[in-house]
Amino acid sequence: MPKIVITGMGAVTPVGIGLDTYWKNITSGKSGIERIKSFDPGELAVQIAGEIKDFSPGDYMPKDLIRKTDPFMQYAYISAGEALRMSGIEIEPEKTGIVMGTAMSGIATIAYTQEALTGASHKKVGPRFIPKILGNIAAANIAIEYNIQGPSFTVSTACSSGGDAINTAAMCISSGKAEVMLAVGAESVLCPLVIYSLANAKALSRNNENPSEASKPFDASRDGFVIGEGGGAILLETEEHALKRGAKIYGELLGCGNTCDAYHVTAPHPEGRGAAECMRIALKDAGITADKVGYVNAHGTATPKGDSVEIQAIKNVFGSHLPVVSSTKGATGHMMGAGGITEVITCVKAIETGIIPPTINLSQPDDNEIDFVPNKAKSISVEIAMSNAFGFGGQNSSIIVGKYKG
467 MPKIVITGMG AVTPVGIGLD TYWKNITSGK SGIERIKSFD PGELAVQIAG
517 EIKDFSPGDY MPKDLIRKTD PFMQYAYISA GEALRMSGIE IEPEKTGIVM
567 GTAMSGIATI AYTQEALTGA SHKKVGPRFI PKILGNIAAA NIAIEYNIQG
617 PSFTVSTACS SGGDAINTAA MCISSGKAEV MLAVGAESVL CPLVIYSLAN
667 AKALSRNNEN PSEASKPFDA SRDGFVIGEG GGAILLETEE HALKRGAKIY
717 GELLGCGNTC DAYHVTAPHP EGRGAAECMR IALKDAGITA DKVGYVNAHG
767 TATPKGDSVE IQAIKNVFGS HLPVVSSTKG ATGHMMGAGG ITEVITCVKA
817 IETGIIPPTI NLSQPDDNEI DFVPNKAKSI SVEIAMSNAF GFGGQNSSII
867 VGKYKG
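Listed below in structure tokens is the structure:
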């Protein structure tokens with residue numbers, strides 16, 4: 467099996483656009499959660515989110531393409547471009563592929579288009595509506611721009627979509643279908659339709675008065691997650707291919723896991739059965755024991771059940787060798803398909819810099835045995851890290867990355 471390495475990364479997040487800005491702000495404990503500005507949320511029970519700020523798509527992409535794309539596609543396109551530039555790669559079209567991960571694709575465009583259509587004429591529905599809402603068109607736009615002609619897949623496994631995009635990309639490389647794969651995740655679901663549904667399901671925090679303190683992963687007073695949006699991208703290639711072209715290698719993809727709880731469409735298994743098995747599969751795939759993992763970037767959405775189950779699963783898997791654990795969703799909100807990528811990027815950067823980003827808004831930890839890195843980053847030398855992403859339907863993804871040693 468070929469060794470798979472990471473040679474490029476890109477991020478569009480509520481705490482900053484671009485990898486360097488993202489890392490600076492996520493490690494400093496900055497919150498990207500504010501009152502929603504993209505529309506008037508005044509009539510909604512939930513009025514806060516992690517939106518992309520100071521965003522002008524014309525600064526990053528052709529104007530003609532902006533008109534043809536949903537925001538989630540724009541975030542995917544921009545983060546992919548950053549990852550490819552960082553890698554310095556010259557695309558070999560038939561040897562390069564792409565996997566896109568997104569939970570809800572263009573649902574906001576669907577909602578707003580239907581609203582415009584109701585009681586109006588068919589002219590309110592433009593000819594670009596269908597390609598603006600399809601998940602795979604995000605990948606297609608990137609492929610067209612960079613002439614990527616190899617395998618192209620779009621995975622939609624709820625909030626584990628980003629992690630599963632990396633897993634799928636790795637499988638393409640391991641099977642010999644490509645030498646280079648771009649894994650991308652993106653999401654933009656901010657619209658009343660989605661907020662009403664999640665709020666009525668009691669999944670969202672209603673702390674509208676203190677947006678920056680609303681997302682409280684692993685805190686005993688947590689009351690739900692905060693919706694986030696954004697994009698992330700990672701370029702994977704075989705070690706042989708990377709070395710041959712003289713690429714700088716930022717990390718190694720060691721192992722991937724994927725399971726299904728087979729329990730409930732929204733609730734996690736109460737004992738964390740699927741989550742624990744997913745982590746074990748990733749460890750087995752990496753060929754390492756649990757004690758080798760120094761840091762876990764947890765799914766940690768700040769829902770009462772979800773966080774408790776993840777704590778239980780982590781303790782089940784790691785036993786007496788508990789790693790440092792933090793959730794960056796306190797700062798970004800829940801970026802869904804995008805988070806599965808940006809949180810793996812967080813693991814790569816933690817290994818590279820020796821800095822573990824904090825779990826902000828954590829004053830009353832739900833567990834006293836695990837170090838959740840409350841509120842302030844810590845300097846810890848880590849060589850191997852794991853990122854968890856779990857989603858509706860009992861979807862579980864675990865990705866393990868490590869320091870590249872040549």
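Mapped onto the working numbering, the consecutive letters of the sequence shown carry residue numbers 467 to 872.
Glycine included, each C-beta is placed from N, C-alpha and C at the ideal position.
Residue range 627–640 is occupied by the alpha helix (DSSP H) that includes residue 633. Proximity to residue 476 across 497, 621, 649, 730 peaks at 649, based on C-alpha coordinates. Residues 673, 827 of the same chain have their beta carbon placed closer than 7 angstroms to that of residue 679, with the five preceding and five following residues left out of the count. Between the C-alpha atoms of residue 558 and residue 526 there is a straight-line separation of about 23 angstroms.
If you draw a straight line from the Cα of residue 552 to the Cα of residue 586, it comes to about 47 angstroms. Burial is judged here by how many other beta carbons sit within 10 angstroms of a residue's own beta carbon; residue 730 has fewer than 16 and is exposed.
Straight through space, the alpha carbons of residue 517 and residue 611 are spaced by roughly 26 angstroms. The C-alpha of residue 633 lies about 16 angstroms from the C-alpha of residue 717.
When the Cα atoms are used, residue 710 and residue 481 turn out to be separated by approximately 36 angstroms.
Closest option to residue 757, judged by alpha-carbon separation, among 839, 749, 641: 749. One thing to note: residue 836 has its Cβ within 8 angstroms of the Cβ of residue 777. 8 angstroms or more divides the Cβ of residue 496 from the Cβ of residue 699. Boundaries cannot be given for residue 502, as no beta strand (DSSP E) includes it and DSSP labels it neither H nor E. In this model, residue 696 and residue 801 are separated by some 6 angstroms (Cα to Cα). Nearest Cα to residue 766 within the set 743, 723, 746, 855: 855.
Per DSSP, the continuous beta strand (DSSP E) segment holding residue 850 begins and ends at 850–857. Apart from sequence neighbours up to five positions away, the residues of its chain that approach residue 628 with a beta-carbon distance below 7 angstroms are 567, 651, 698, 803, 804, 805, 806, 807, 855, ordered along the chain. In the three-state DSSP reduction, residue 559 falls in the helix class (H, G or I).
Secondary structure of residue 722 (DSSP, three-state): strand. Per DSSP, the unbroken beta strand (DSSP E) holding residue 761 starts and ends at 761–763. With a cut-off of 8 angstroms on Cβ pairs, the segment 721–729 is not in contact with the segment 818–825, counting fewer than three such pairs. Taking all protein chains shown into account, residue 506 has fewer than 16 neighbouring C-beta atoms within 10 Å of its C-beta and is therefore exposed. Short of 6 angstroms from the beta carbon of residue 820, and not among the five residues preceding or following it, lie these beta carbons of its own chain, in chain order: 845, 847. CA-to-CA, the gap between residue 853 and residue 768 works out to about 16 angstroms. Boundaries of the beta strand (DSSP E) around residue 473: 470–479. For residue 666, the uninterrupted alpha helix (DSSP H) segment begins and ends at 658–666. A contact is defined here as three or more CB-CB pairs under 8 angstroms, and the segment 587–601 fails this definition with respect to the segment 540–551.
Minimum Cα-Cα distance from residue 690 among the listed residues 664, 702, 705 corresponds to 664. An exposed status is given to residue 584, since fewer than 16 other beta-carbon atoms sit within 10 Å of its beta-carbon. Around the beta-carbon of residue 688, 16 or more other beta-carbon atoms lie within 10 Å, marking it buried. With 16 or more other Cβ atoms inside 10 Å of its own Cβ, residue 645 counts as buried.
Less than 8 angstroms divides the Cβ of residue 720 from the Cβ of residue 867. Inter-residue distance for residue 532 and residue 609 is about 16 angstroms (C-alpha atoms, whole angstroms). By the CB criterion at 8 angstroms, residue 515 and residue 656 fall inside the cutoff. Considered as a whole, the segment 673–756 harbours 696–704, 717–726 as its complete beta strand (DSSP E) runs of no fewer than 3 residues, in chain order. In this structure, residue 732 places its C-beta atom within 8 angstroms of the C-beta atom of residue 858.
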